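What follows is one structure encoded as structure tokens, with my remarks underneath.
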Amino acid sequence: MASWSRLPALLVAGAAALSLVASCAEEPHEDDHGEAATSPAHVHALAINPADDTLYVASHDGLFRVTGDGGAEQVARRTQDFMGFAIAGPDRFLGSGHPGPHDTDQPSHLGLIESTDAGQTWHSLSLAGEADFHALEVEHDRVYGYDSVSGTLMVSDDGKTWDRRAEVGIADLAVSPDDAERIVVTTENGPAHSTDGGRGFAPAAGGPVLVFLDWPSAGRLLGIGTDGTVHHSADGGHTWQPRGRVPGRPQAITTHGESEVYVAAESGIYHSTDDGRTFTLLRRL
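According to UniProt numbering, the stretch in the sequence shown is residues 1 to 285, in order.
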């Protein structure tokens with residue numbers, strides 16, 4: 001659930017994913033937060049709000065909610081670059097990135113920010129001006145983040161004080177829902193595993209080169225490769241089986257329930273109801 005820009009080593013395989021700029025069908029309007037966008041451009045993360053099962057899209061142009069007809073509404077008309085995004089509970093969102101062009105009183109790196117009203121308002125939790133989390137996960141009442149500034153995996157029990165773990169170049173991370181110490185990350189050489197909470201990682205031999213991950217249950221870890229192919233692992237990322245494919249280079253992946261998968265690619269947002277075997281276009285970008 002994040003952006004290509006967090007892994008410079010994957011530039012050869014995926015540089016084109018950085019060049020995506022979505023055009024808008026309508027003229028945007030301006031408010032106190034800057035120029036409001038009518039569609040997300042360059043998606044950095046996808047997540048489902050358990051309060052109402054709405055899909056949220058974190059992007060370079062702000063946070064959007066996807067409506068039932070496949071439309072997208074910018075939350076609070078706030079143009080802010082969400083590099084990292086995770087939903088921690090009903091209407092409780094965590095984010096990171098950069099302020100909008102009119103938020104001149106904010107530091108260039110927002111650190112970890114929090115919303116308790118589904119993205120309408122935000123406040124700083126920690127590391128303002130210091131950290132830029134390009135991957136965020138919430139599991140076991142912990143926040144796991146990859147800070148692109150320091151190149152460090154970091155873990156926090158409260159979102160305010162942090163334990164710095166391994167320095168490692170990754171694109172995304174996923175945490176086992178059964179074990180807070182088991183983490184899988186995506187690297188230029190394929191997935192790597194940690195069994196000590198991210199203090200050290202070992203490569204998974206023979207795994208596909210993946211970019212983004214989601215780990216909703218013990219026997220269900222999903223990843224998407226540079227070519228848009230979705231892969232499934234039933235053993236925590238040690239072995240993988242290819243499933244369906246979406247057109248265009250991937251930008252984010254998330255799951256919902258036992259069989260739904262959402263993928264953002266440069267061509268649009270896609271939805272699967274058979275655990276990634278087939279996809280339909282939900283919305284063009």
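Ideal placement from N, C-alpha and C gives every residue a C-beta, glycine not left out.
Predicted, not measured: the structure shown is a model, and the values here were computed from it.
Under 8 Å between C-beta atoms of residue i and residue j
i: His102; j: Asp81; result: no
i: Leu221; j: Leu213; result: yes
i: Leu110; j: Gly145; result: no
i: Thr186; j: Gly244; result: no
i: Thr255; j: Pro216; result: yes
i: residue 295; j: Gly100; result: Outside the displayed range of the chain (1 to 285) lies residue 295, so it cannot be described from this structure.
i: Ala51; j: Pro90; result: yes
i: Ala72; j: Phe64; result: yes
i: Gly200; j: Leu153; result: no
i: Gly228; j: Val246; result: yes
Euclidean distance between Cα positions of residue i and residue j
i: Arg283; j: Thr67; result: 10 Å
i: Gly248; j: Gly151; result: 27 Å
i: Ser96; j: Arg277; result: 32 Å
i: Gln106; j: Asn189; result: 37 Å
i: Asp141; j: Ala166; result: 20 Å
i: Val184; j: Trp162; result: 20 Å
i: Glu114; j: Val143; result: 12 Å
i: Ala135; j: Leu46; result: 11 Å
i: Phe93; j: Ala205; result: 35 Å
i: Glu266; j: Gly159; result: 31 Å
i: Gly119; j: Ser39; result: 16 Å
i: Arg164; j: His193; result: 17 Å
i: Gln251; j: Glu181; result: 26 Å
i: Glu139; j: Ile87; result: 10 Å
i: Asp275; j: Pro191; result: 20 Å
i: Tyr270; j: Val230; result: 12 Å
i: Ala218; j: Val155; result: 21 Å
i: Asp132; j: Asp235; result: 31 Å
i: Thr273; j: Ala202; result: 33 Å
i: Gly268; j: Met83; result: 18 Å
i: Leu55; j: Val168; result: 30 Å
i: Phe85; j: His44; result: 8 Å
i: Leu281; j: Asp69; result: 12 Å
i: Asp179; j: His123; result: 30 Å
i: Ala42; j: Thr104; result: Checking the displayed sequence, the identity of residue 42 turns out to be His instead of Ala. Distance between the alpha carbons of His42 and Thr104 is about 22 Å.
i: Leu285; j: Ala264; result: 9 Å
i: Gly62; j: Ser108; result: 15 Å
i: Thr116; j: Phe279; result: 32 Å
i: His98; j: His232; result: 33 Å
i: Ile170; j: Ile253; result: 16 Å
i: Ala22; j: Thr195; result: The predicted model places Ala22 with a pLDDT of 32, which falls under 50 and marks its position as unreliable, so this point remains unresolved.
Which residues DSSP lists as bridging residue i, in chain order
i: Ser194; result: Ile183
i: Met154; result: Gly145 and Arg164
i: Ile48; result: Leu55
i: Leu210; result: Gly225
i: Val263; result: Ile253 and Tyr270
i: Ser108; result: Ser108 is not bridged to any residue.
Where the beta strand (DSSP E) through residue i begins and ends
i: Ser233; result: Thr229 to Ser233
i: Glu258; result: Per DSSP, Glu258 belongs to no beta strand (DSSP E) and is neither H nor E.
i: Thr280; result: Thr280 to Arg284
i: Glu114; result: Leu112 to Ser115
i: Glu73; result: Ala72 to Gln74
i: Leu63; result: Gly62 to Val66
i: Pro247; result: No beta strand (DSSP E) holds Pro247; DSSP gives it neither H nor E.
i: Ala128; result: Unbroken run through Ala128: none, as it is neither H nor E.
i: Ala86; result: Asp81 to Gly89
i: Gly95; result: Arg92 to His98
i: Ala174; result: Leu173 to Val175
Test: residue i CB closer than 8 Å to a CB of chain C
i: Arg78; result: The displayed structure is made up of one protein chain only, and chain C is not part of it.
Heavy atom of the ligand MG within 7 Å of residue i beta-carbon
i: Ile87; result: The ligand MG is not among the ligands present in this structure, which contains no ligands whatsoever.
With a threshold of 8 Å, are at least 3 pairs of Cβ atoms found where one atom belongs to the region 234-242 and the other to the region 254-265? Contact between the region 234-242 and the region 254-265 is absent: fewer than three C-beta pairs spanning the two stretches fall below 8 Å.
Evaluate the contact criterion for the region 123-132 versus the region 167-178: three or more CB pairs, one atom per stretch, below 8 Å. In short, these stretches do not touch, since the Cβ pair count stays below three.
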